[in-house]
Structure formats: C-alpha cells, structure tokens
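Undergrad:
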Amino acid sequence: MPETANQAGTTAFTVLVADDNDVAQRLCKRVLEKAGYKVIIAVDGLAAVDVALSQRPSMILMDVAMPGIDGLEAMRRIKAEVPTMPIVIASAHSMASDTDRFLAAGADKVLSKPFRLADLVAIVGQFAQAKKSQEKSIDAN
Amino acid sequence: MRRATPFAAIAAVFAVEAAAGAGPVLAFPLYLTIILLTALQLSRTESLATAGLAAIAILIPPLVSANQPSDLATAVLLAVVLIVSAIAITAVVRQVRQKAADAQSRADDIAASEKRMRLMLEAAMVGLALVDGDGRWQQVNDRLAVILGRSRDELPRLTLGDVTAEADRPVLEEALALLRSGDIVRWEAELNQVRADGSRVPVSVAIATAPGRASGESLLLVQETDISARKRLDGIRDCLVAIRHVLVSGLAWEQAVPQLLGGLCTYLDWDLAQFWAADHDRQALRVRHYWHREAAGFEAFREESRETAIPMGFGMLGRVWQSGVVAAVEDLSRVNDYSRSDLARAAGLNSVLAFPVVESGVVIGAIELLAAHVRDVPDYEVTMLSTAGVEIGQFIRRSNTARALRRSEADHRAIFERSPIGIVRINSDGELVESNPAVLSMLEYDFEAMRASAWPDLLRAYDQAAGRQQLAPLLAGLTAGSSVQIRASTAAGKWLWLQLTGTSIPDSNGRPEHVLVMIEDVTTVRETSDQLAEALESQRNANANLERLDHTKTEFLSIVSHEFRTALTGIQGFSELIRDGGLETDEVKAYGGYIFNDADRINRLIGDMLDLDRMESGRMSMRSGDVDINEVLSEAMARASTGVSTVEFDADLDPRLPIVAGDRDRLIQVVSNLVNNAVKYSPDGGRVTLSTRGEGGFALVSVTDTGLGIPPDEIGHVFERFRRVRSGAAQSIPGTGLGLTIVKQIVEMHGGKIWVESAVGHGSAFHFTIPLAAEDASPLQRRHA
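Heads up: the protein sequence lines correspond to chains A and B, in order.
Be aware that the first sequence starts at 24, since it is given in the numbering used here, and climbs by one per residue.
Be aware that the second sequence starts at 2, since it is given in the numbering used here, and climbs by one per residue.
(1) Roughly how many angstroms separate the alpha carbons of N337(B) and M385(B), rounded to a whole number?
(2) Which term fits N542(B), buried or exposed, when burial requires 16 or more other beta carbons within 10 angstroms of its beta carbon?
(3) Alpha carbon to alpha carbon, how far is V147(B) from M121(B)? Give it in angstroms, no decimals.
(4) Please compile the residues from chain A whose C-beta is within a distance smaller than 7 Å of the C-beta of H552(B).
(5) Along the chain, where does the alpha helix (DSSP H) containing P438(B) start, and where does it finish?
(6) Identify whether H116(A) lies in helix, strand or coil by the three-state DSSP scheme.
(7) Measuring only between beta-carbons, confirm whether V72(A) sits less than 9 Å from chain B.
(8) If you reduce the DSSP assignment to three classes, tell me which class W292(B) lands in.
(9) From this set, P421(B), A450(B), A774(B), which residue's C-alpha is nearest N437(B)'s C-alpha?
(10) What does DSSP give as the partner residues of Q486(B) in its beta bridges?
(11) Please list the segments of the alpha helix (DSSP H) lying wholly inside the segment 256-332 of chain B, counting only runs of 4 or more residues, in order along the chain.
(12) Could you compute how far the alpha carbon of R602(B) sits from the alpha carbon of P772(B)?
(13) Rounded to whole angstroms, what is the Cα-Cα separation between A112(B) and L234(B)?
(14) What is the DSSP secondary structure of E791(B), reduced to helix, strand or coil?
(15) If you measure from the beta carbon of H718(B) to each beta carbon in chain A, is any gap under 9 Å?
(16) Can you check whether the CB of A355(B) is closer than 9 Å to the CB of L318(B)?
(17) What number of angstroms, rounded off, separates the C-alpha of F150(A) from the C-alpha of V62(A)?
(18) If you check the beta carbons only, do V375(B) and S200(B) fall under 9 Å apart?
(19) Quick one: is V147(A) near chain C, going by C-beta distance under 9 Å?
(20) Just checking: is the beta-carbon of V133(A) within a distance shorter than 9 Å of some beta-carbon in chain B?
(21) Measure how close the beta-carbons of L444(B) and T491(B) come, nearest whole angstrom, since I'm counting them as under 8 Å.
(22) When you compare the CB of M118(A) with every CB in chain B, is at least one pair closer than 9 Å?
(23) D614(B): which of R665(B), L739(B), V702(B), S559(B) sits nearest, CA to CA?
(24) In whole angstroms, give me the CA-to-CA distance for D629(B) and E721(B).
(25) By DSSP's criteria, L221(B) is part of a beta bridge. Which residues make up the other side?
(26) What in chain B is Cβ-close to A115(A), meaning under 9 Å?
(27) Is the CB of R49(A) under 9 Å away from at least one CB in chain B?
(28) Per DSSP, R137(B) is paired with what?
(29) Can you tell which of A125(B), G574(B), T402(B), R158(B) has its C-alpha closest to the C-alpha of L145(B)?
(30) Pick out whichever of R294(B), L177(B), I311(B), E548(B) has its Cα sitting closest to the Cα of A278(B).
(31) Any beta carbon from chain A within less than 9 Å of G698(B)'s own beta carbon?
(32) Of all the residues that make up the segment 586-609 of chain B, which are near chain A by a beta-carbon distance shorter than 7 Å?
(33) If S334(B) and R346(B) are in contact, beta carbons under 8 Å, what's the gap, nearest whole angstrom?
(34) Nearest-angstrom Cα distance between V672(B) and T690(B)?
(35) Is the segment 551-562 of chain B in contact with the segment 114-124 of chain A, if contact means three or more CB pairs nearer than 8 Å?
(36) What does K5(A) reach in chain B if we use C-beta pairs closer than 8 Å?
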C-alpha cells in the first residue's frame, strides 16, 4: 500500500485511524487515501496514544471498543497532552446516549458505524479545511 | 284587879262572920272555896297569900273574944287546915297548869310545821301530788300543774294516765297495779306527758305508796321532774356525737346524709328532715335528701317539697340560704312566716327550724327540720345546729373531693384492669407490686408465679436489652418512654416478643418510688415486620434481578448492536465501494471476502441467539444417541488447529472412556465453543489441552488453556448471558456473550454439569460431565465392535 499521497501545494493532512478491526482499518485507509489524506493505523488504544503523541497526526479517527485501553481513555490521554488535537470518535456504539457520552468525554465529532463513505470523507474534509484556514491565518500573520 | 278579888272575898266573909258572930266552922268552907278558886285562877303566891289571910281571919275572932278557949283551938286547927289545903291545891293547880301549857305548845309546833311543809311543797321545783289507787289526782302542787301545763282545778278531774303519752300508758298502768297490790312500794321511770296544748314533756317520775286515810283507801305519792331541758341537752350532745360519728366515718355524702338527717330527728326530737341544696347556678334550693318518721302526712309533705324550688331570699328557707342564719318557727299556727305553712300543718307538722349548710364560707344549702308537736327552740340548739351546718358543709366538700378522687382512682383502676396493654407496677427494688390481667393472660402466669419467677427473668432480660442499647438499667437511669423489645417465654413455653416501656413515678421527694412498665405483645408486629423485611428483601432482590436483567438486556442490545454494526461497517463500506465502481478485480474480490466474513459473523450471532432462546424456552429438541466423546474432541481440536497457528494443542483422552448418551451435534457445539474460547483468550504460544476420563457414571471433559484467566469477581458469572469478560486484555476479544450460556444449557440438558477453574494470568480450565450410556454395553466392546 502507498504510504503517502503527496499532493502538490498542500501540507500533507494526516489521519490516524485507531481501530482493532482490520476490516474497518482497511476500509478507512482505502477511502481516506483515495480522498487524498495520509493515513496511519493504530490497532489498539495504547498504540493510538503512542502514535498520536509521537507523530502528531492532523486528526484522529478513534474506535472505542479496543483491547488494552479503550478509545475514550486513549482520547483523554491524548487531549491531556495535545488539547487541540481533533479527535473523531467512530464507534459501533451508536445509540443516542453513546453519542452524548463521547462528546462529553471530549470528542470533537462523532461518526456512527456503519457510516456512509461520503460522511467519513466530509468529516475529515471539514477538519482538513479548518486546518488549512488556520495555516493561512498563521501565514498571514 | 283580879289579884285583889280573893282578898276582898276573904274580907267579906270575915265581915259577915264577925257581924253574925258565927263561928269559924261556919266560915271555913267559904275560905276554902275562895282559896280553891284563887289557886285555879291566880298564881301560887297569890293562892298562898289568900290562904294566909283566911287563916288569920279564922284566928282573929277567938283571939278577940277569948272567952272560949275551945274556939281558939278549933280556929287554930281550921287555920292549919286552910294553909295545908292551899299548899296542896296550888301544887295540884300548878301541875295541871303545866300540862295544859305543854299541850298548847305542842299544838302550836304542829301548826307551824304544817305551814312550813305546805310552803315547801308549793315552792318545790319538783312536781308533787297525791293520787288515788286509780291514779286520779287528789292533791297537786303548783309545780306539777306547770309541768303538766294544766290548772290545779282541772287536774282532779283527770288521772295520771290521762296526761301520759299514749306510748307510755301501758307501762304506767302496770306500775300502778303493782303499787296498789303492795308488790312494790316505789316505782321510778321517765315518761312523756301530754300537756293541755297537746305538747309533750318528758318527765322523770317516782311513785310511792303513801299512808292511807281512815277509810283505808291507799294513796300514792307522785313526784315528777321536768327533764325536757336535760333531754334536750342530752339530745344535743348525742346528736353532735352522732353527727361527728357520721362525719368521720369516711362514708360518701349520699350514704351519710340519711344517717345525719335521721340522727337530727331522733336526737333532737324532730319528725322530718330535708336537705335542700342550691342548684349549680344558684338559682334555687331543691330537696336532695330527706328523712322522716313513718306517717302518711309526712310522705305527702315530702313529695310536695320535692316539687318545690325555693329562690334565694324567699320564705324562711330562702332567707336562711341568703343570710346563713338559723331560723325557726316554734308554732306554725301562730306565726305565718313559712311559705309551706299550710302544707306543713296539713301534714300534721307544727314546728319548723332551718339551718344553713356552709362550705368554705358559702351557703350551699339548708337543712329543714319539722316536728309534729309544738316545740320550743332553745338558743343552745340554734348554736349547735349552726356549728353542725359548718361541719356538714366541710364534710360535703371532703366527700366531693373524695368522690372525685375515687372516680379518678376508679378510672385509673379501670384503665389498669381493662387495658389490652399489659401494665405492671414495680417498686424501687424492682419487685413486682401489681400486674394487670392483660399481663397475666399474655404470659399465662398467675400473679404469684409472675412475681416470684417470671418477672425477675423479664427484668433481667430488660436490663440486658436496655444495657446493650443504652447502658440504662430499668431502675437506674430510666428515661421516660424509652422502650426495649425482649424475647420472653410464656408459662406454656410460647416465645413472645415483648415491648417494655418504663415510666418512673417519683415520690414527693422526686426519687423514683414506683416504675410503671407497659408490656406489649409485639410478636405479631415483630413477625409481620420480619416477614415484611423478608418480603422487602426478596422484593429488593427481585428488583435487583429485574434491574440486572434490564441492565443485561440493555447491555445485550448494546453488545448485539455493536457486533452487528461493526460487522455492517465492513459490509456497508465495501459494498458501497464496489457499487461506486472503478475498482480493480483483485480489490473487488478482496472486498467481497470481507463482506462475506462479516455477513457470516452476523449469521452466527443470530443463530446463537435463536438457539439460546429455544433452549431457554424449552423448545429445543434433542436427538439422543451414542456419542464417542473422544472422537468429538479430536475433531474439534483438528478443526481449531487448522485455522490457528499460534496456539499448541494437547490431548489427554482416556481411551477406555465409555461412550455417552447424547446429541452429537450439540456436544460438538459445546466442545467447539470451549476450544474456540480457549484459543481466543490465549496469547500467542499458548497451550490448549483437551482431556477426558470416566468418573462415576459420567464422562468428565476438561478444556484447559494457559490464557488470560478469569478475574475472581467475574468467574461466578461466566455462564450468564452476555457476560463476557471485558476487563483488561479480554475486553476486545469479540464474541456474542452467548457461547458459554449455550454450552451450559446443552450440558445441563444432557444431565451433566459444567464448571470452571481459573487464575488470572495462568489460564482457565472448563470441566463438564455427560452421563455415560446404558451400563449393559461395555465401552470397549462398543468402541471396538
């Protein structure tokens, strides 16, 4: 699999996909790379924290039910270090109460599984756009 | 002049003699006569002087004549005779005179004595009289006439019996008869006599036989003393004694009042007494109590009085009420000062007196006394009744107070006796003093047994219970209303729960004198509350179960939906990619594989759920046949090992294990499940061991792994539905949470058991048993046939 999709004129927008389900990993990687983002994978919570802190992805797509520490605990630890890190919780726990629970835990966005591919792309696109605007304003300064 | 008369007579005789010249013999009788008369009429001296003179007169002629000497001697003789005669005569006369004088003086004495006696008789303070044998008055002194209230002229027409009260007549007649016959000479008695005006007078009478007259008819001397004053005083004294006796008797007013009224009448000689009490609002006096002697007229008067209400100030009674002063009308026929005068007189009542009954300075009523006879009311009676009125008032107050106390006491006694709650009274030593019937029937003891044995036991239990709770023994620091529940046995050995509530009753110094302990049988309450607590507990458990069930169900839904959605994520995502096209053939093929796997997974989950539902609802059918469990294990091991290379398998199968009776497909399901679990929860390089052996009619199968192990707090729940070990590393291991539940159901449907041993970090061992097939078939025979 290609590791990067370098596109001219843009700083690579890197998405960390943290999910223990290999089908989900493959799906996200395939879809997001197709959309032009760089994707890195973490297979459990601890790995997600490691990668997030060491590689500083642009955002994280985080599953909840994972071995070791779950996605919420991983999110808490990451946010403790990098509060501005955008984290989208992507979980098959998709009852209304679950969504509230995740937002309360600090998620920037919640994506319920199963999801429409367009929704996944749109959500990541929003954060990419936001990041771009931010960079522009920083440049302007 | 008289004294000169004899001398003149002598001289005359001498003159005649001399003149006639008669001899002395002739003159001598004359001289003797003169001397005799003189002696009778005059004193002795004069008589003797006369005799001397006569002697001289005799002697003179012979002396003068002297012619005849014989005459002189005769004259001398005659003169001597005259002198001697005179002496003798005067002596006789003197004696006669002396006797006459004595007789006269005696007669004078008698007359004087009689006069004095008569004066004494008349002046005597006792009545005196003579009566004849029939009692007819003969002579009567003034005093007696006064006593009898009759004139002295009237009495001789009457007899003693006529003036005696009818009641006393028989005894009097009898006494008179005895006196007449001489059997007795004196009789004394106290009688009532009747005056002309009808009033009665008590007298002390003494009758004695008196010396009879010439006719021989006997007379009786009657002596009478008016003892009415003494009787009154006696009556007053006796009455006061009687009143005080009643007042100190401790009787209630209602019981005392007839005795009081009766006593007033009896001792003070009244015939009817009525107690008039003021109304509560002090509007009128009304008769509350009465007493009277037997007489029809009195009853009528009494009944009329009961209908009467007397306002304050109205009539005699009303004034007594108003003024608090005794009032009396001695003779109703003369004074019209009494409102019911006509009524009283019609009833034969003629005297009335009323005195106030005073309580604490307030006139609360009056007692009215009436008498048939006209009676005077002396001051001392008024004084005495005034005093009595105050004492009676005090008595009424005491009686009311005592009655209130008695009523209060009776009320409390009734509460004590009839209370359904047991009450005991104990003294400061803790000894049982009193126990109400409720306690005795509650504990089935008689009082003595209760006092002697049951109560000390109870007290010990109480102190123990109280001591444990608050360190306050019953009698030491008893706090009012503090209660304690203790267990106590009845005489019949029935155990009760008793609630004891103590209250100390202090004496006047504030020290606890008695303790009242209320004893309630709270056995039913206690048992009910125990049952209630039990019911509540079981309800709580049921609720907890329901909650757990609800929670489990929610968790189940969450798990199931999570599993489904996880599977669907791949299915939906990859099918969307395929649909949108533009993929390489290899990609399509790979994505199709993902889709298939997840679809299969969903199918399995649905299958497990349906299996379990069928098993739990008893709708699953079992095909029973001979199953070689070793073979089932070998197959399962082979199947599992093909897919997994990271785990090693060991088999320790007992080759002599008999075949078992069961549903082969289901047993395969059991073994597969356990083996898959063992693999799932084992890390790379783990070891899964399958073993069998026969044990007492069962085949014992064990699946042992060297995996994560099950935490102690979860090991009891592994066979429950949707109870997946989710802690630590096990959390992410997928599963429906139904596998072990299904396994347990299948094992139990075969009549076996399943259990697990585990240690975190060392692994788990699942064991189950399946009954062997019929004994008549030898396992080896069957196996190697």
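Every residue, glycine too, gets a C-beta built ideally from N, C-alpha and C.
TA: According to the data block:
(1) If you number the second sequence from 1, residue 337(B) lands on position 336. If you number the second sequence from 1, residue 385(B) lands on position 384. Approximately 25 Å, taken between the alpha carbons.
(2) As a position in the second sequence, residue 542(B) is number 541, starting the count at 1. N542(B) comes out exposed.
(3) Here the question's residue 121(B) lines up with position 120 in the second sequence. Here the question's residue 147(B) lines up with position 146 in the second sequence. In a straight line, the C-alpha of M121(B) is about 16 Å away from that of V147(B).
(4) Here residue 552(B) corresponds to residue number 551 of the second sequence, with the count starting at 1. Within chain A, no C-beta atom comes less than 7 Å from the C-beta of H552(B); the nearest is roughly 14 Å away.
(5) In the second sequence, residue 438(B) corresponds to position 437, counting from 1. Where P438(B) is concerned, the enclosing alpha helix (DSSP H) stretches over 438-444.
(6) Here residue 116(A) refers to the residue found at position 93 when the first sequence is read from its first residue. The three-state secondary structure of H116(A), taken from DSSP, is coil.
(7) If you number the first sequence from 1, residue 72(A) lands on position 49. No, because no Cβ of chain B sits closer than 9 Å to the Cβ of V72(A).
(8) In the second sequence, counting from the first residue as 1, residue 292(B) sits at position 291. W292(B) falls in the strand class under three-state DSSP.
(9) By one-based count along the second sequence, residue 437(B) stands at place 436. Closest in C-alpha terms to N437(B), from the list P421(B), A450(B), A774(B), comes P421(B).
(10) Taking the second sequence and counting its residues from 1, one reaches residue 486(B) at position 485. Partner(s): Q500(B).
(11) If we require 4 residues or more, the alpha helix (DSSP H) runs fully inside the segment 256-332 of chain B come out as 297-307, 316-324.
(12) In the second sequence, residue 602(B) corresponds to position 601, counting from 1. In the second sequence, residue 772(B) corresponds to position 771, counting from 1. Near 33 Å, if we compare the C-alpha coordinates of P772(B) and R602(B).
(13) Locating residue 112(B) in the second sequence gives position 111, counting from the first residue. Locating residue 234(B) in the second sequence gives position 233, counting from the first residue. Across the structure, A112(B) and L234(B) are spaced so that their CA atoms are roughly 42 Å apart.
(14) The requested residue 791(B) does not occur in the structure, where chain B is confined to residues 2 to 786.
(15) Within the second sequence, the letter at position 717 stands for residue 718(B). For H718(B), the closest Cβ of chain A is not nearer than 9 Å.
(16) Position 317 of the second sequence, counted from the start, is the residue given in the question as residue 318(B). Position 354 of the second sequence, counted from the start, is the residue given in the question as residue 355(B). Closer than 9 Å, so yes.
(17) For the purposes of this step, residue 150(A) is taken as the residue at position 127 of the first sequence. For the purposes of this step, residue 62(A) is taken as the residue at position 39 of the first sequence. So the alpha carbons of these two residues sit roughly 14 Å apart.
(18) By one-based count along the second sequence, residue 375(B) stands at place 374. By one-based count along the second sequence, residue 200(B) stands at place 199. Going by C-beta atoms, V375(B) is nearer than 9 Å to S200(B).
(19) Although the question refers to chain C, the structure presented lacks it and instead comprises the protein chains A and B.
(20) Counted from its first residue, the first sequence places residue 133(A) at position 110. Output row for V133(A): interface = no.
(21) By one-based count along the second sequence, residue 444(B) stands at place 443. By one-based count along the second sequence, residue 491(B) stands at place 490. T491(B) and L444(B) do touch by the CB rule: their CB atoms are close to 5 Å apart, below 8 Å.
(22) For the purposes of this step, residue 118(A) is taken as residue 95 along the first sequence, with counting starting at 1. For M118(A), the answer is yes, since a Cβ of chain B falls inside 9 Å of its Cβ.
(23) What you label residue 614(B) is simply residue 613 of the second sequence in a count that begins at 1. If we check each option's Cα against that of D614(B), L739(B) comes out closest.
(24) Taking the first residue of the second sequence as 1, we reach residue 629(B) at position 628. Taking the first residue of the second sequence as 1, we reach residue 721(B) at position 720. Roughly 28 Å between the two C-alpha positions.
(25) The count along the second sequence starts at 1 and reaches residue 221(B) at position 220. DSSP, once it has assigned bridges, lists V132(B), T210(B) as partnering L221(B).
(26) Here residue 115(A) corresponds to residue number 92 of the first sequence, with the count starting at 1. Within chain B, S562, H563, E564, F565, R566, T567, A568, L569, T570 have C-beta atoms less than 9 Å from the C-beta of A115(A), given in sequence order.
(27) On the first sequence, residue 49(A) is found 26 positions in, with the first residue counted as 1. Yes, its Cβ sits closer than 9 Å to a Cβ of chain B.
(28) Numbered from its first residue, the second sequence carries residue 137(B) at position 136. R137(B) pairs with T160(B).
(29) Taking the first residue of the second sequence as position 1, residue 145(B) is located at position 144. Closest option to L145(B), Cα to Cα, is A125(B).
(30) Position 277 of the second sequence holds residue 278(B). Checking every option, the nearest Cα to that of A278(B) belongs to I311(B).
(31) On the second sequence, position 697 is the one that residue 698(B) refers to. No, G698(B) lies away from the interface with chain A (no Cβ there is under 9 Å from its Cβ).
(32) Residues of the segment 586-609 of chain B with a C-beta atom less than 7 Å from some C-beta of chain A are Y595, D599, listed in chain order.
(33) In the second sequence, residue 334(B) corresponds to position 333, counting from 1. In the second sequence, residue 346(B) corresponds to position 345, counting from 1. The beta-carbon separation of S334(B) and R346(B), rounded to 7 Å, stays under the 8 Å limit for a contact.
(34) Taking the second sequence and counting its residues from 1, the one referred to as residue 672(B) is at position 671. Taking the second sequence and counting its residues from 1, the one referred to as residue 690(B) is at position 689. Taking the straight line from one Cα to the other gives about 12 Å.
(35) Yes, the segment 551-562 of chain B is in contact with the segment 114-124 of chain A.
(36) This structure gives no information on residue 5(A), because the portion of chain A shown stretches from 24 to 164.
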